[in-house]
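Per the numbering used here, residue 1264 is the first one in the sequence shown, and the count goes up by one each step.
Everything on this sheet refers to the single structure shown next.
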Amino acid sequence: MTSKSRLIYRIEGIVQGVGFRPFVYTLASRYALSGFVLNNSLGVVIEIEGFEESLEAFEQALFKELPLLARIDVWTKEILTCKDDTTFEIHHSDEASTKSSLVLPDMSICEECLKELHDPTNRRYHYFFTNCTNCGPRYSIIKTVPYDRPYTSMEPFAMCDACNEEYTNPLNRRYHAQPISCPKCGPTLSLRSIQGELLGVNEEAIQKLAELINTGHIVAMKGMGGFHLMCDATNDTVIERLRERKHRPSKPFAVMFRNLDAIKEVCTLSPQEEEGIGSLLRPIVLVKHQPTTSKISPRIAPRIDRLGVFLPYTPLHVILFEYLKNPIVATSANRSGEPIISDASLLVEKLSDVVEYYLDYNREIVNSSDDSVLQYLGDQTLIMRVSRGMAPQSFRVNSKDERKILAVGAHQKNAIAIYHHHQIIISPYIGDLDNIASIELFETMIENFARFYDFTPDLIVGDLHPNYASTQWAKKQKIPFVQVQHHYAHILSTMFEHHLSEPVLGIAWDGTGYGDDGTIWGGEFLVCDQKNYERVVSFEPFLLLGGDASIKEIRRILASLLWDVLGDDADVHLLDYFDEKSLKRLKQVYTKKINAPRCSSVGRLFDAVAVLCGMEGNVSYDGESGLLLEALYDPLITEFYEVEIDAKIVHYKPMFAQMLRDREPRLIASKFLNTLVNILCEVHSRYPYPVVLGGGVFQNRTLMEQILQNVTQNLYFPLQLAINDGGICVGQLSKSLLK
């Protein structure tokens, strides 16, 4: 018989709150091994003793049979002196001085919990907070690591005997599931009118909430990461009322459906979209809507052919749908542009003119988060918002850099990231830093990461723009601060995700970014590596008349471009969009170049084309122009506009004169998108490096599909990070790390 040995494993990664310790306990029992396993602030420590054949089998199974949500990033193994213990135990967490164990995202209800929820013989039948180690809240309830119940908002709820027995049994799937509870010992629900009148508790509250939705009321319900505003998605009148109250004239609402079959009744889904919608992440997925056969109100997503759909992801949502007649609007409860509201008192204070009733529960949401949003390009993801179910995200980094670094991101679609103990950890989506509430959330997120990881940065990195709220905050911190150009950071984030170190052709197209020359960039071709970049080609700049006013009143962009091309002859065309007085006043701004910064943004070109294609009034949300052009695109139209590309500049402006002649919106939109693909391919032919994409323009699914058809090799774009400004923080960190 072979001799005994004792080993110690130190494991880092996603190994807390995912059933890792009971998994190790089960393996140790299977192979008759002794020792212990415990959580510490780095991850998990295993000391294990037994015969060598058994230890080898244990190690193989440890890596092959990981729990569903677990991920091992790095591990070490050492030989110890045998202790001759006779049992294998799970020890209490060891509180070490260094906190780097990863905080996990919230997860949707798993299949086993769903079965129990529908089983009348189970003690958790219709229990709206059922969960286990494979599902349920994590990020939303945690105060600090390690992830143990005393450090969560479940701490006030003492477990009953039955829950405690499950919680302490290593062979039970609820072993150390920190939010464990049941109807006897868990949080409670309450339904109130916005005036505060109590209308029901627990299941009765859910039933009454459903009745209110069914009869045309606007309600709020506290979900995993905050309150949702809800109403019947088939009721034109109530949706119009919600738009008026929210001052949200046309931005699409996400729609929650009972199940996948209900989505398929009104949308066309690919196999990948079906899989993504039904995954444990439960994101909002943008899919093709079929309005001719749909009972969904056309007021949900005016003028576009996409619908943001998702499925119930908490037991509370699942039970609610048992009493609902139709799919529902489920959109973040907030004032326009502000973060999602997670506290009932703030809901009443800010949205009493929107909401009529609200369902609350008495467990605190410590960390709020929105729903994640993505779409599919074949089997590849195109991510717009990384939040609930996906964030905090983490990436192990092969770097010897021992500094603690904070990246504060950009201004729009802000997210922050830290580099700590060889991990990059990215926050959930924060939003546009245009108001006090969003800036407060930005600061709170930094404080949260400081608390989770005892993190005080040695270095801060941010954007080049001097007026970004994130930049201004960083400059006040009395910590070394490095600024990274916006579009270079876009490319670096994609390079980081795909482990690219060789020179690339970085193509960064977006709405705005501060250039090295002090102008607004956004149509950039950069030859770059991880150290430097060169702006080799860019779109010819135009004047952004009135500065930021042009971003909302997009007909100003069209005026600027037509005056550049046609001079005074443009006036006769522009009188279709302006009265004489307004046009004369705007022309003075153009002529005198007063408050008219130079801009090379491709995102703004979409706006100008959208005006020619019939978009009236102001843009009411980011990306509205692109969605309109997507809806108009005809794949049978293969024509494009002729543009000239000299050594450094894309001379595209004459195509706007050609658009005036084309007149027909479908033709204009199709030729414009085809032209952008041609421009990209022409520049790529001059710089035959791997192509790396970044920037919000590439959220346009139709554009991306055409690019993928034309650039079939060495094309990279973010698959795990947001392709818009939400991913910039990773590029900022990547630039700062010592290689």
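C-beta: ideal position from N, C-alpha, C; glycine also.
Counting only the same chain and skipping the five closest in sequence on each side, list residues whose C-beta sits under 8 Å from that of residue i.
i               : result
threonine 1289  : Pro1433, Leu1434
valine 1790     : Pro1766, Val1767, Leu1768, Gly1769, Tyr1796, Glu1797, Val1799, Tyr1950, Tyr1952
tyrosine 1853   : Leu1806, Leu1808, Ala1822, Ser1823, Trp1826, Ala1859
isoleucine 2004 : Absent from the model: residue 2004. The displayed extent of the chain is 1264 to 2002, so no value can be given.
serine 1883     : Arg1511, Pro1512, Ser1513, Lys1514
Go to residue i, then tell me how far its beta strand (DSSP E) extends in each direction, as first and last residue.
i                  : result
glutamate 1312     : 1307–1314
histidine 1491     : 1490–1495
leucine 1622       : 1620–1624
glutamate 1797     : 1796–1802
valine 1550        : 1547–1552
tyrosine 1272      : 1267–1277
tyrosine 1777      : 1767–1777
alanine 1593       : 1591–1595
tyrosine 1430      : Tyrosine 1430 -> not in any beta strand (DSSP E); alpha helix (DSSP H) instead, spanning 1424–1430.
tyrosine 1639      : 1636–1640
phenylalanine 1573 : 1569–1573
glycine 1694       : Counting along the chain, glycine 1694 falls outside any beta strand (DSSP E), and DSSP gives it neither H nor E.
Sorted by chain position, which residues of the same chain lie with C-beta nearer than 7 Å to residue i's C-beta, five sequence neighbours on each side aside?
i             : result
serine 1599   : Lys1509, His1510, Arg1511
alanine 1700  : Glu1601, Pro1602
lysine 1471   : Leu1454, Leu1462, Gly1463
cysteine 1876 : Leu1891, Leu1892, Leu1895, Pro1928, Ile1931, Ala1932
serine 1317   : Tyr1294, Ala1295, Leu1296
For residue i, name the three-state secondary structure that DSSP assigns.
i                  : result
asparagine 1255    : With the chain represented from 1264 up to 2002, any question about residue 1255 goes unanswered, as that position is not in the structure.
valine 1287        : helix
histidine 1914     : strand
lysine 1485        : strand
asparagine 1677    : strand
cysteine 1944      : helix
tyrosine 1840      : coil
phenylalanine 1726 : It is aspartate, not phenylalanine, that sits at residue 1726 in the sequence shown. It is a strand residue.
arginine 1647      : Checking the sequence, you will find methionine at residue 1647 rather than arginine. Methionine 1647: strand per DSSP, three-state reduction.
arginine 1929      : helix
isoleucine 1342    : strand
valine 1581        : helix
glycine 1810       : coil
valine 1529        : coil
valine 1955        : strand
Taking all protein chains shown into account, decide if residue i is buried (16 or more other Cβ within 10 angstroms of its Cβ) or exposed.
i                  : result
threonine 1757     : buried
threonine 1396     : buried
glycine 1781       : exposed
tyrosine 1692      : buried
tyrosine 1388      : exposed
phenylalanine 1584 : buried
serine 1542        : exposed
lysine 1815        : exposed
cysteine 1862      : buried
aspartate 1623     : buried
valine 1835        : exposed
threonine 1775     : buried
leucine 1343       : exposed
glycine 1641       : exposed
histidine 1749     : buried
leucine 2001       : exposed
histidine 1684     : buried
phenylalanine 1326 : exposed
arginine 1926      : exposed
serine 1595        : buried
Between which residues of its own chain and residue i is the CB-CB distance below 6 Å, once the five residues before and five after are set aside?
i              : result
leucine 1890   : Ile1567
glutamine 1969 : Val1940
serine 1416    : Ile1404, Arg1626, Glu1627, Val1629
arginine 1521  : Phe1584
lysine 1558    : Thr1497
alanine 1737   : Val1671, Ile1723, Gly1725, Phe1744
Which residues bound the alpha helix (DSSP H) around residue i?
i              : result
valine 1205    : In this structure the chain extends from 1264 to 2002, so residue 1205 is not present and cannot be described.
glutamate 1665 : Counting along the chain, glutamate 1665 falls outside any alpha helix (DSSP H), and DSSP gives it neither H nor E.
leucine 1472   : 1465–1477
glutamate 1760 : 1749–1760
valine 1611    : 1607–1614
Would you grab the beta carbon distance between residue i and residue j for me? Rounded to a whole angstrom, and I think it's under 8 Å.
i               : j               : result
asparagine 1303 : proline 1409    : 7 Å
aspartate 1726  : threonine 1734  : 6 Å
valine 1501     : leucine 1637    : Contact flag wrong, Cβ pair sits at about 28 Å.
alanine 1320    : tyrosine 1294   : 5 Å
glycine 1786    : methionine 1370 : Wrong, their Cβ atoms sit about 40 Å apart, outside the cutoff.
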